[in-house]
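So our numbering is basically just the index in the sequence shown, starting at one, shifted up by 2. Below is one structure, written out as structure tokens; the observations come after it.
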Amino acid sequence: MNVGIALGSGSARGWAHIGVLEALAGMGIVPRVVAGTSIGAVVGAAYAAGRLSAVRDWACAFSRTDVASYVNFTGLLQGLISPGRLRQSLAEHVVPEDLAIEDMPRHFACVATEMSLGREQWFTQGSALDAVWASMALPAVLPPVRSKDSWYVDGGLVNPVPVSVCRALGADVVIA
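Below, the structure written as structure tokens:
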């Protein structure tokens, strides 16, 4: 049986996905298909890349000072969060800059919203870091992401819990 897990959006509450994945592993349940939206894409990408413990350690060590260090006071029109420092942290703790989705040990996809039409876009290949960034680019908080000829923002606007993505990628059973 091909088990999938759909990790939804939800801001800081999404760090709970880490505990869910660890509990499933403790029961011998290892999802082969992982789909995420927004924070679910962050945790899902780390899991699919074999870096769940690194993202757990990063999330648990986060302090108010760390959060404040990401705030962008100079370019609020570009977003509340400074993209450079956050992207560097994501590359360090979630997925390396040069990792392609198709090279991950587990089947992974994430959802973003294509801005001009407001439709969902599934990222199933290409840069894992760019895909995660597009999926979590919450308007006014992070700048949108340009990929090919389109701009993308947070996938939670169109598909907050990507069960449909897991099904489309071959999961017989989806945990959501």
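Beta carbons are placed, not taken as given, at the ideal position from N, Cα and C, and that holds for glycine.
Remark: C-beta atoms of A130 and V147 do not approach each other more closely than 8 Å. Under a 10 Å Cβ-count criterion, S118 is classified as exposed, with fewer than 16 other Cβ atoms of the shown protein chains found around its own Cβ. Annotation for A43: L9, C112, V113, A133, V134, S137, M138, G157 place their beta carbon closer than 8 Å to its own, counting only its chain and skipping 5 residues before and after. Between E104 and Q90, the CB-CB gap reaches or exceeds 8 Å.
Around the beta carbon of V35, a 10 Å sphere encloses 16 or more other beta carbons of the protein chains shown; the residue is thus reported as buried. By alpha-carbon distance to A93, the top candidate from W60, H109, P107 is W60. Boundaries of the beta strand (DSSP E) harbouring D156: 152-156, taken from the DSSP string. Rounded to the nearest whole angstrom, the C-alpha separation of A142 and E116 is 16 Å.
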